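Chemist:
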Amino acid sequence: MNDRDWEQFKQKLFAKSNIDLNQYKPAQMQRRISNFMARQGVSTYAAFFQLIDSDPKLYKTFIDYLTINVTEFFRTPEKFIELEEKVIPQLLTTSPRLNIWSAGCSTGAEPYSLAMIMAEKTPGVRHRILATDIDVEMLAKAKKGVYTPGDLKNIPQERLTKYFSRIDADYALNDDMRGRVEFQQHNLLLDKFETGFDLILCRNVVIYFTEEAKDALYRRFFAALKPGGIFFVGGTEAILNFRDIGFQHFLPFFYRKPL
Ligand SMILES: C[S@@+](CC[C@H](N)C(=O)[O-])C[C@H]1O[C@@H](n2cnc3c(N)ncnc32)[C@H](O)[C@@H]1O
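Counting in the numbering used here, the sequence shown runs from 9 upward without gaps.
1) Go through the region 29–71 residue by residue and report every complete run of the alpha helix (DSSP H) that reaches 4 residues or more, in order.
2) Suppose the cutoff is 8 Å on Cβ atoms and the five residues either side in sequence are ignored; what does the same chain contact list for residue 106 look like?
3) Could you spell out the range, first to last residue, of the beta strand (DSSP E) harbouring residue 138?
4) Quick check on this structure: which residue in 243, 30, 128 has the alpha carbon closest to the alpha carbon of residue 261?
5) Using the rule of at least 16 other Cβ atoms within 10 Å of the residue's Cβ for burial, across every protein chain shown, is residue 153 buried or exposed?
6) Out of curiosity, what's the CA-to-CA distance linking residue 227 and residue 253?
7) Mapping the DSSP letters down to three states, classify residue 248 as helix, strand or coil.
8) Are the beta-carbon atoms of residue 259 and residue 93 separated by less than 8 Å?
9) Can you grab the Cα-Cα spacing for the pair residue 133 / residue 188, in whole Å?
10) Pull up the CB-CB distance for residue 109 and residue 138, whole angstroms please, since I reckon it's below 8 Å.
11) Buried or exposed: where does residue 29 fall if 16 or more other Cβ atoms within 10 Å of its Cβ makes it buried?
12) At a cut-off of 7 Å, is residue 2 close to ligand 1 when judged by its beta-carbon and the heavy atoms of the ligand?
13) On the three-pair Cβ rule with 8 Å, is the region 39–50 touching the region 169–176?
14) Using C-beta distances below 8 Å, list every residue in its chain close to residue 8, excluding the 5 sequence neighbours before and after it, in chain order.
15) Quick one: residues in its chain with C-beta nearer than 7 Å to the C-beta of residue 122, no 5 flanking neighbours on either side, listed in chain order?
16) Would the C-beta of residue 244 count as close to ligand 1, meaning under 7 Å from any of its heavy atoms?
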C-alpha cells in the first residue's frame, strides 16, 4: 500500500459514497480499513475498492463498519438527567415549542429518548425533533423503532411499559412516540444545515473526524443555533476552544450560544 493507492481510494470512495475520508483522522481510518481489508484477504486499496464496488452486500457492511452505529437510549444517563432537569427547563423559559436536532442519530435511541422527556415535561405540546444520519439503513431501523433489550438497558421499567410493547425478545416503540421524530438523511461533512435550533445534540459522531473537520463542524452548529440555544456533545468530546467559537460554558458537555 502506498500514498497514491490511498489517495485514489479516497477519491473513488467519495465518488461512490459521498464519504470524504480527508476529513477523518488518517491513522485511525487507515488502521480500521486495513483491518477490514485483511479480513477480506486483499492487500491494496485498489483491489479492495474493486471488491466493494462489485459486491453491494460487502460495500454495505464496510460503510456500516466505517461509520459505527452503536447507540443506546439515554446514553450517559447522568447527562440525560441534567438535560431533563436543567437544560430543557432553561430552554422552555424562552421557547414554549422547542426545535431540536439530533445529529448522527443512528437507530434513533437518542431522538426517541428526547421525545419521551419532552412528552413528559410538556404534555400536549408538539416540539419538533429532527434526527439525521448519513446512513440510510440506520434511519430505516430508526423509523421502525424495534429494539433489543440491550439498547434499552438505561430505560426504567415505567417508561418501558408506557412506551414499548414486546415482540418476542424485542421491544417495539409505540406509534405516538415514533410520530414525534422526523428522520432525514444528512451528511454532516457535506450537506447544508438548517438554522433556528434551540437544542442540538451531536454525540459520539465525531470520534474519527480530524481536528479541522471538528472545528468547522462546531462552528456550523453554533451558526445553526438560536441565541440562547444549547449544544450537547458526547461524554468524551469536551470542546476545548468553545470560547473561540463563541460558545459559553453551560454545564460540562453543554455549551450555550449567548443571547
Ligand atoms: C456511534 S453513533 C452515535 C449515535 C448517537 N448520537 C449516540 O450518541 O448514541 C454515530 C453515528 O454517526 C453517524 N455518522 C458518521 N459520520 C457521519 C456524517 N459525516 N454525517 C452524519 N452522520 C454521520 C453514523 O452513521 C452513526 O450512526
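We put the CB at the ideal spot given by N, CA and C, even for glycine.
Being a predicted model, the structure only gives us computed values, none of them experimental.
Modeler: Working from what's here:
1) If we require 4 residues or more, the alpha helix (DSSP H) runs fully inside the region 29–71 come out as 34–48, 53–62.
2) 96, 99, 100, 126, 135, 136, 206, 207
3) 136–141
4) 243
5) buried
6) 6 Å
7) coil
8) no
9) 11 Å
10) 5 Å
11) buried
12) Only positions 9 to 267 of the chain appear in the structure, and residue 2 is not among them; the question remains open.
13) no
14) What is shown of the chain runs 9 to 267, which leaves residue 8 out entirely.
15) The residues 108, 110, 137, in chain order, have a CB closer than 7 Å to that of residue 122 in the same chain once the five nearest residues on each side in sequence are set aside.
16) Incorrect: residue 244 has no Cβ contact closer than 7 Å to ligand 1.
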